[in-house]
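The block underneath contains the structure these notes are about, expressed in structure tokens.
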């Protein structure tokens, strides 16, 4: 028996995959020396190994059986309580009924998709936006309506126009997804003024905002401040915001512990949905995160990580300037992991990627982030993972790839669908 | 803003929750001394704490950054390779393209539901069957068609009749879900003869079988043998079987590491679906499980665990006989965690549960496992978690509850919908 297609659900037949995940597979499988500007991985150098080892040693003493037992779907209660403190530090007042853990923010996005998106809905997203959100939303069988961005985040006039156009065409439009702090991939920081106006707009247009905030803590102190990253959720008096955040960038992504903060009736639905999805997040992971919070490890992480990634950005920007001499342009990011760069006239990101891979350097093609078919003149360069030496060597290779660029001979579908990114 | 209902998807409006999860919440939240025969939790006494601690200590040295980094969705490759060895020990020959990790077998079931169940499908399940499967399948908006069981597992005549009846009524029927080894909740062991006939039947009727096998290793040596638990997947020459198994009962449930073995085209779809669901399973958990396999910890666990749970079963059966003197009856389980007991004439499981909770003992009502409305004369008693003393004390309390049973005064919807189970 070889034909399983006839057994598939409509979703099974039309699954969307994240380009970033595919690139991760390429990295994992490819032999030889490949420098990746592709995946937005934190640098393990920044993980608090000694503290984790000490905590794990205590937790695994065997004195407390619940450390490795089944537990509540919503999360380990002391962890949820400590998350309320983390939220408070960001200006968000919440109570236990408004918070739950998720298996990474990816699951938070998937929970939103399953509980709130009906097939045929139009969901508002930025252009560009995070590929994992694109995949999860499309797997809920909606359409994605793209909204342009300015240097200070989403364009509010375009947002309203797109929303009204979609509604005018008869679509249900309930959700806006955005990444206000150091957006993935654009690196942009949504201005405080726009945050306030977005909350008013959501109320006026009866929209729920999904505020995805993995990078807010990682601002660069030469360019901005904590005050500029204040989540919209902190001023969400009407319960319009579903706030997602994670420990993946501040502690470690391997734990798969993130959280959702939203109005209690929504948390109840997400909780019920998660029950039948995976029962709960890994409990040892939850305990490790909890201990890291109460012992002050999480707080102590922030300043050194801001410094680490700021230095990486500096190295990367300098290396690109040195090696590429103005052929790539970008808006300097004020935090996070990414440079969203514009290619010279006549370059297309997809053949350039093939060329770059031959030179031993990877990035993510801009078109992967753009739901409106644009982005072919862009590439996303992540500077978070490679060492300074590797950043410089990668920039050198990228320069060679651009020198040797040949636009012809690569058909787009071959690259995009072949799963060889 | 308080009315979020208008934002919900059809699924969000009709989410099904697992009764077992709800009971877990009751256990967690209830103060005082409550003995739980409800949740099928392994006993943490059986977790290999010293080995886990030693492994964690080594993994968290910081020498290998990938221990806490993002990783491939399909799973940590050495773990996948070691799982092939575990499968081989069960008679299943598979290669790397046919295996992936899932965040617990619950996610395996959810992946099956999302990729293979179209809204309106009829899915074949045993009566009774695992509540987590009921919830995940119903959340894919299918109907569940129940098939009766005999002492040696699913009734094949009824299975064919139900399948044909559903197809005759115009339903798409593609899937049969079952738990052949020490079924949850019935405790039954599917006979080898029936396993062979099921494979033929699936081929004849063009059905995929989801074989959920969490308990197969935990057979009781006085009653059966490893040979009797041989998975159908081992003889699945036509690729009809999707085999789910887990380390939750042999290592620890807190890790959320399980796996799926199926034909490569199906694994590819599940992999893609999982990408947008949670990216990957926790990688520290995967590494802990991997090291436990290659260091022989997993193999060394099996015999003592079989002994542990067999002794628990002996204590439980004796305690029920002593305390209840024939008022509860059951078919002796040959492995696993559960007694599926029949109440005396005139008793209903739901008011009895209310009565039992007042006496400080919990179980799961039989009706929760039955998609055909039956099961009101049954209760599931799990003997895996409480100590022998607690098993005996719980049986005593159950006897008191039955003495004081009053059938009237409890309406069914109040208990089922109130979420107070």
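Residue numbers (this note's numbering), protein chains in the order written: chain A, 14 to 434; chain B, 14 to 434. C-beta atoms are modelled at their ideal positions from N, C-alpha and C, and glycine is treated no differently.
Same chain only: Cβ atoms within 8 Å of residue i, ignoring 5 sequence neighbours per side
i: residue 216 of chain B; result: 251, 253
i: residue 97 of chain A; result: 107, 108, 109, 112
i: residue 64 of chain B; result: 305, 308, 310
i: residue 26 of chain A; result: 18
i: residue 329 of chain A; result: 352, 394, 396, 404, 408
i: residue 360 of chain A; result: 390, 415, 418, 420
i: residue 214 of chain A; result: 169, 172, 173, 220
i: residue 355 of chain A; result: 341, 342, 343, 390, 391
Own chain, CB closer than 6 Å to residue i, minus 5 neighbours either side, in chain order
i: residue 425 of chain B; result: A caution first: residue 425 of chain B carries a pLDDT of 41, below 50, which makes its placement in the model unreliable, though a value can still be read off. Excluding sequence neighbours, residue 425 of chain B sits near 363.
i: residue 236 of chain B; result: 347
i: residue 51 of chain B; result: 36, 375, 376, 377
i: residue 241 of chain A; result: none
i: residue 430 of chain B; result: Low local confidence applies: a pLDDT of 28 at residue 430 of chain B is under 50, so the model's placement there is unreliable, and no value is given.
i: residue 146 of chain B; result: 122, 190
i: residue 203 of chain B; result: 166, 193
i: residue 357 of chain B; result: 340
i: residue 288 of chain A; result: 86
i: residue 315 of chain B; result: 230
i: residue 326 of chain A; result: 396
i: residue 104 of chain B; result: 243, 247
i: residue 401 of chain A; result: 328
Assigned exposure category for residue i - 16 Cβ within 10 Å defines buried
i: residue 123 of chain A; result: buried
i: residue 181 of chain B; result: exposed
i: residue 170 of chain A; result: exposed
i: residue 342 of chain B; result: exposed
i: residue 55 of chain A; result: buried
i: residue 324 of chain A; result: exposed
i: residue 177 of chain B; result: exposed
i: residue 58 of chain A; result: exposed
i: residue 22 of chain B; result: buried
i: residue 434 of chain B; result: Any reading at residue 434 of chain B is ruled out, since the residue's pLDDT is 25, under 50, leaving its predicted position unreliable.
i: residue 317 of chain A; result: exposed
i: residue 234 of chain B; result: exposed
In DSSP terms, what residue i is bridged to
i: residue 373 of chain B; result: Paired residue(s): none; residue 373 of chain B is not in a bridge.
i: residue 25 of chain B; result: DSSP output for residue 25 of chain B lists no bridge partner at all.
i: residue 48 of chain A; result: A:374
i: residue 17 of chain A; result: Residue 17 of chain A is not bridged to any residue.
i: residue 225 of chain B; result: B:257
i: residue 272 of chain B; result: B:114, B:258
i: residue 190 of chain B; result: B:138, B:223
i: residue 166 of chain A; result: A:163
i: residue 232 of chain B; result: B:348
i: residue 380 of chain B; result: Per DSSP, none; premise fails for residue 380 of chain B.
i: residue 4 of chain A; result: Since the first residue shown for chain A is 14 and the last is 434, residue 4 of chain A is missing from the structure and cannot be characterised.
i: residue 202 of chain B; result: B:194
Own chain residues within Cβ distance below 7 Å of residue i, not counting five before or after
i: residue 416 of chain B; result: none
i: residue 53 of chain B; result: 197, 350, 351, 395, 397
i: residue 174 of chain A; result: none
i: residue 269 of chain A; result: 116, 117, 294, 295, 298
i: residue 30 of chain A; result: 148
Cutoff 8 Å: residue i Cβ touching any chain C Cβ
i: residue 30 of chain B; result: Of the chains in the structure shown, none is chain C; the protein chains are A and B.
- prompt: In chain order, which alpha helix (DSSP H) runs of at least 4 residues are fully inside the stretch 308–371 of chain A?
  reply: 310–337
query: Closer than 7 Å, Cβ to any Cβ of chain B: which residues of the stretch 373–394 of chain A, in chain order?
result: none
Contact set between the stretch 211–239 of chain B and chain A, restricted to residues whose Cβ is under 7 Å from the partner: 221
field: Under 7 Å (Cβ pairs) to chain B, residues found in the stretch 350–374 of chain A
entry: none
field: Every unbroken beta strand (DSSP E) inside the stretch 59–140 of chain B [3 residues or more]
entry: 112–115, 135–139
field: Uninterrupted alpha helix (DSSP H) stretches inside the stretch 140–164 of chain A (no shorter than 4 residues)
entry: 144–151
- prompt: Of the residues that make up the stretch 270–291 of chain B, which ones have a beta carbon closer than 7 Å to any beta carbon in chain A?
  reply: Listed in sequence order: 276, 278, 279, 282, 285, 286, 288, 289, 290, 291.
query: Going along the stretch 114–147 of chain B in order, which residues come within less than 7 Å of chain A, judged by CB to CB distance?
result: 116, 117, 119, 120, 123, 127, 128, 129, 130, 131, 145
- request: Could you list the residues in the stretch 239–258 of chain A with a C-beta less than 8 Å from some C-beta on chain B, going in chain order?
  value: Of all residues in the stretch 239–258 of chain A, those with a C-beta nearer than 8 Å to a C-beta of chain B are 251, 252, 253, reading in chain order.
- prompt: In the stretch 64–82 of chain B, which residues sit with their C-beta less than 8 Å from some C-beta in chain A, listed in chain order?
  reply: Of all residues in the stretch 64–82 of chain B, 65, 66, 69, 70, 73, 74, 75, 78, 79, 80, 81, 82 have a Cβ within less than 8 Å of some Cβ in chain A.
message: Any C-beta of chain B within less than 9 Å: which residues of the stretch 170–195 of chain A qualify?
response: 187, 188
query: When Cβ atoms are compared, which residues of the stretch 152–168 of chain A fall closer than 9 Å to chain B?
result: 152, 153
- request: Would you list, in chain order, the members of the stretch 399–420 of chain A that have their beta-carbon closer than 9 Å to a beta-carbon of chain B?
  value: Residues: none.
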